[in-house]
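Working notes for the structure below.
In full-length UniProt numbering, the protein residues as written are 1 to 343.
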């Protein structure tokens, strides 16, 4: 089905090109249906432009530099997020069969032309040819510019037990301490940390921030709330965050099991020295919940089934466990980032 649509869009592109040429003394008129209608992101997302040629101005890709239109063997990886400077977003889809699927996304801001479509109820734009994004050559908009920075502790202190809708124009700045490539965190979440503390940031779609990136996050319009007891800044548009530098990872704070269970270190990178895993088997066994013990004290190390180290055997003997201090429904736990967090 997508192949037929793709052929149709390419045909539209060629017809548009032919329509702008002249033959002898006669110019061929361009059919009105081949002149793109200029619309906004919000108008496009209504779904009223399926099968129509549209042009959307003042937009840019949210993905990190070097990302490809698809670059894989699966159409499931063909969606990329495009945003305007107000934070409105839409999806651009590229199938593996397109000749530009392995091309790199442009980094500039400008105009995108394409044909509206939908898949399983999701509105998306499809390019006719690579030329439809040649207008993305302007300076990118920066939604984080000119906004005051407050500490992560100050954000955490706003939470008094019930959800907080943040109305003030603030941003937080910190180093990404989670590892998306390790698979032990969902693809929309990150942990960031500054000298005052750490917190989870949950984006509205998958992010591309890497372990060690220093980023700023605009928090105005987001929600400060707990998810299963873990405090996080939620509903963060992806273009409200920006990498500003290659950061320096904080040294994990050495804590005891008793310290961990006080909840005073939530969101921070910690290490517990000289603990022993009480069970055998793999990290992902027992629904990912593994008990560590020292001096008759116990805590939980949690591993997602998608973690790259989930099938690794639990270590024997005393080890140091590094990870994020977290909580799940009243139970304090450590979330490792990757297999190197066992020392």
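Every residue gets a Cβ at the ideal spot worked out from N, C-alpha and C, and that includes glycine. From a predicted model like this one, the values you see are computed outputs, not experimental measurements.
Where the alpha helix (DSSP H) containing residue i begins and where it ends
i, result
"residue 44", "41-44"
"residue 147", "Neither: residue 147 is in no alpha helix (DSSP H) and is coded neither H nor E."
"residue 258", "257-260"
Candidates the options: closest to residue i by CA position
i, options, result
"residue 176", "295, 323, 247, 256", "247"
"residue 296", "257, 235, 285", "257"
"residue 261", "340, 35, 327, 183", "327"
"residue 231", "330, 212, 300", "330"
"residue 129", "109, 95, 307", "95"
"residue 124", "53, 325, 137", "53"
"residue 57", "72, 37, 51, 46", "37"
"residue 333", "339, 340, 324, 341", "324"
"residue 92", "35, 113, 282, 244", "113"
"residue 99", "84, 85, 110, 131", "131"
"residue 239", "254, 259, 220", "220"
"residue 106", "65, 85, 306", "65"
"residue 169", "195, 281, 149", "149"
"residue 193", "121, 133, 67, 155", "155"
"residue 86", "62, 253, 133, 134", "62"
"residue 140", "75, 72, 83, 338", "83"
"residue 281", "272, 67, 255, 311", "311"
"residue 307", "39, 335, 101, 195", "335"
"residue 251", "341, 78, 73", "341"
"residue 272", "322, 68, 244", "322"
"residue 206", "286, 81, 174", "81"
"residue 376", "42, 249, 41, 243", "What the structure shows of the chain is the stretch from 1 to 343, and residue 376 is not part of that stretch, so it cannot be assessed."
"residue 42", "51, 35, 284, 59", "59"
"residue 110", "90, 134, 259, 101", "134"
Endpoints, the beta strand (DSSP E) within which residue i is located
i, result
"residue 154", "First-last for residue 154: 152-157, but that is the alpha helix (DSSP H), not the beta strand (DSSP E)."
"residue 194", "189-194"
"residue 213", "213-218"
"residue 269", "269-277"
"residue 90", "89-93"
"residue 125", "122-126"
"residue 324", "319-328"
"residue 245", "241-246"
"residue 118", "109-119"
"residue 185", "Looking at the DSSP string, residue 185 is not in any beta strand (DSSP E), and its letter there is neither H nor E."
"residue 57", "53-61"
"residue 98", "Segment: none, residue 98 is in no beta strand (DSSP E) and carries neither H nor E."
"residue 133", "From DSSP, residue 133 is part of no beta strand (DSSP E); its letter is neither H nor E."
"residue 199", "197-203"
Cβ of residue i within 7 Å of any chain D Cβ
i, result
"residue 62", "Any reference to chain D falls outside this structure, which holds one protein chain only."
As assigned by DSSP and simplified to three states, the class of residue i
i, result
"residue 80", "strand"
"residue 47", "coil"
"residue 227", "strand"
"residue 342", "strand"
"residue 288", "helix"
"residue 335", "strand"
"residue 138", "strand"
"residue 166", "coil"
"residue 294", "strand"
"residue 282", "strand"
"residue 235", "strand"
"residue 173", "strand"
"residue 160", "coil"
"residue 27", "Confidence in residue 27 is poor, its pLDDT being 46 and thus under 50, which makes the residue's placement too unreliable to answer from."
Distance cut-off 6 Å: residue i Cβ against heavy atoms of the ligand SAM
i, result
"residue 341", "As far as ligands go, the structure on display features none, and thus does not contain the ligand SAM."
task: Please confirm if the segment 132-150 is in contact with the segment 287-294, defined as three or more CB-CB distances below 8 Å between the two stretches.
output: no
The segment 149-165 in contact with the segment 99-119 per 3-pair CB rule at 8 Å: no
message: For the structure I just gave you, are there three or more beta carbon pairs, one from the segment 221-233 and one from the segment 163-181, closer than 8 Å?
response: With a cut-off of 8 Å on Cβ pairs, the segment 221-233 is in contact with the segment 163-181, counting three or more such pairs.
query: For the 8 Å Cβ check, are there 3 or more pairs between the segment 264-273 and the segment 196-213?
result: yes
message: Does the segment 313-322 come into contact with the segment 274-287, if we say contact requires no fewer than three beta-carbon pairs (one atom in each stretch) closer than 8 Å?
response: Yes, they touch.
message: Is it the case that the segment 300-312 contacts the segment 205-212, given that we only count it when at least three CB pairs across the two stretches are under 8 Å?
response: no
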